[in-house]
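Numbering (this note's numbering), first residue to last: 6 to 267. We put the beta carbon where it would ideally sit given N, CA and C, even for glycine. What follows is a single structure, written as structure tokens, with notes after it.
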């Protein structure tokens, strides 16, 4: 495997790097960000599961669905931070425990295997063999997405998810319509959102070809729309160059990089 050299384009002197790396020293911040998001998701899910949807207008259902979809994107991005050790730097066991939990409630993905595959993505980004890349032939959005999902999917996991759906319905008496609207559909659709803003747009080959070792670009969104679209995961060049930064730290890296470029 080829290791990607960290580019010096964004951070040209030691003082620039020190200001960014000092953010990492606030170790509790990543932990509280992760726990806060988990708490918001758990509270939101409990409330939405308890609603009687037969008496609610469709716009309320769609609003709840969109909100849950946003939170599911956040759960996966939090797990992704855990793969880079940025949930609880200095405490690998706690970091991995939270990452494992979040990835499990997202879609029962195994944390260890996902971390290995994600490291491979960082080692050979946008090359054949990168599990997040297309197959070299079909580069359109849907073909790339299905190739991407095929690398991570498991029929066993699908069976477990279906079993869990029925278990929650039978044991906790959550209506199937609530489970569908606020768990199944948001989780599935969040995978499209994550793929679009975190893989397809950043790693598709530009017209003039790739211009950096990480073979990634960043979306030109404002920080507000960057957060809404994918928890700043679209600032992907910055992520590849400083992978230890949590999602909430990427805007700082982007602003510093833009300032350095002039």
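Closer than 6 Å by C-beta to residue 30: which residues in its own chain qualify, once you throw out the five before and the five after it? Chain order, please.
For the purposes of this step, residue 30 is taken as the residue at position 25 of the chain shown. With a pLDDT of only 49 at residue 30, under 50, the local geometry of the prediction cannot be trusted, and no value is derived from it.
Ordered along the chain, which non-local residues of its own chain (more than five positions away) have a Cβ less than 7 Å from that of residue 72?
Taking the first residue of the chain shown as position 1, residue 72 is located at position 67. Contacts found: 49.
Judging by CA-CA distance, which residue of 240, 248, 182 and 251 is the nearest neighbour of residue 263?
Start at 1 with the first residue of the chain shown, and residue 263 comes out as number 258. For residue 263, the nearest C-alpha among the options comes from 240.
Report, in whole angstroms, the separation of the C-beta atoms of residue 90 and residue 249, which I expect to be a contact under 8 Å.
As a first step, residue 90 is located in the chain shown; it is residue number 85 there, counting from the start. As a first step, residue 249 is located in the chain shown; it is residue number 244 there, counting from the start. Rounded, the Cβ-Cβ distance is 7 Å, consistent with contact.
First through last residue of the alpha helix (DSSP H) which encompasses residue 197
On the chain shown, position 192 is the one that residue 197 refers to. Taken as a continuous stretch (DSSP letters only), the alpha helix (DSSP H) holding residue 197 covers 190-200.
Using only alpha-carbon positions, find the residue among 35, 133 and 82 that is nearest to residue 156.
Counted from its first residue, the chain shown places residue 156 at position 151. Taking only the C-alpha atoms, the option nearest residue 156 is 133.
Starting from the C-beta of residue 54, find all residues in its chain whose C-beta is less than 7 Å away, skip the five residues before and the five after it, and write them out in chain order.
Taking the first residue of the chain shown as 1, we reach residue 54 at position 49. Contacts found: 179, 183 and 187.
Span of the alpha helix (DSSP H), counted from its first residue to its last, around residue 103
Residue 103 sits at position 98 when you count from the first residue of the chain shown. Unbroken alpha helix (DSSP H) run through residue 103: 97-112.
Using C-beta distances below 7 Å, list every residue in its chain close to residue 236, excluding the 5 sequence neighbours before and after it, in chain order.
The residue you call residue 236 lines up with position 231 of the chain shown. Correct list, in chain order: 78, 79, 82 and 252.
Measuring CB to CB, does residue 69 end up less than 9 Å from residue 56?
Within the chain shown, residue 69 is the residue found at index 64, counting from 1. Within the chain shown, residue 56 is the residue found at index 51, counting from 1. Going by C-beta atoms, residue 69 is nearer than 9 Å to residue 56.
Helix, strand or coil for residue 90 per DSSP?
The residue labelled residue 90 in the question sits at position 85 within the chain shown. Here residue 90 sits in coil by DSSP.
Environment of residue 42 [buried if 16+ CB atoms lie within 10 Å]:
Residue numbering aside, residue 42 sits at position 37 when the chain shown is read from its first letter. So residue 42 ends up on the buried side.
Mind checking which residues open and close the alpha helix (DSSP H) that includes residue 182?
Counting from 1 along the chain shown, the entry for residue 182 is found at position 177. From DSSP, the alpha helix (DSSP H) with residue 182 extends over 181-184.
With residue 169 as the anchor, note down where its alpha helix (DSSP H) starts and where it stops.
Position 164 of the chain shown holds residue 169. Taken as a continuous stretch (DSSP letters only), the alpha helix (DSSP H) holding residue 169 covers 160-176.
Are there three or more Cβ pairs, one per stretch, closer than 8 Å when the region 139-159 is compared with the region 109-122?
yes
For residue 227, tell me which candidate among 259, 161, 204 and 126 has the shortest Cα-Cα distance.
Residue mapping note: residue 227 aligns to position 222 of the chain shown, counting from 1. Closest by alpha carbon: 259.
Measure the alpha-carbon distance for residue 266 versus residue 225 and round it to whole angstroms.
Taking the first residue of the chain shown as position 1, residue 266 is located at position 261. Taking the first residue of the chain shown as position 1, residue 225 is located at position 220. Rounded to the nearest angstrom, the two C-alpha atoms are 15 Å apart.
Touching or not, the region 203-214 and the region 162-176, by the rule of three or more beta carbon pairs under 8 Å?
no
Own chain partners of residue 141 with C-beta closer than 7 Å, once the 5 adjacent residues on each side are dropped:
Residue numbering aside, residue 141 sits at position 136 when the chain shown is read from its first letter. Excluding positions up to five away in sequence, the list reads 133.
Alpha carbon to alpha carbon, what distance is there between residue 204 and residue 4?
Nothing can be reported for residue 4, as the shown portion of the chain is limited to 6 through 267.
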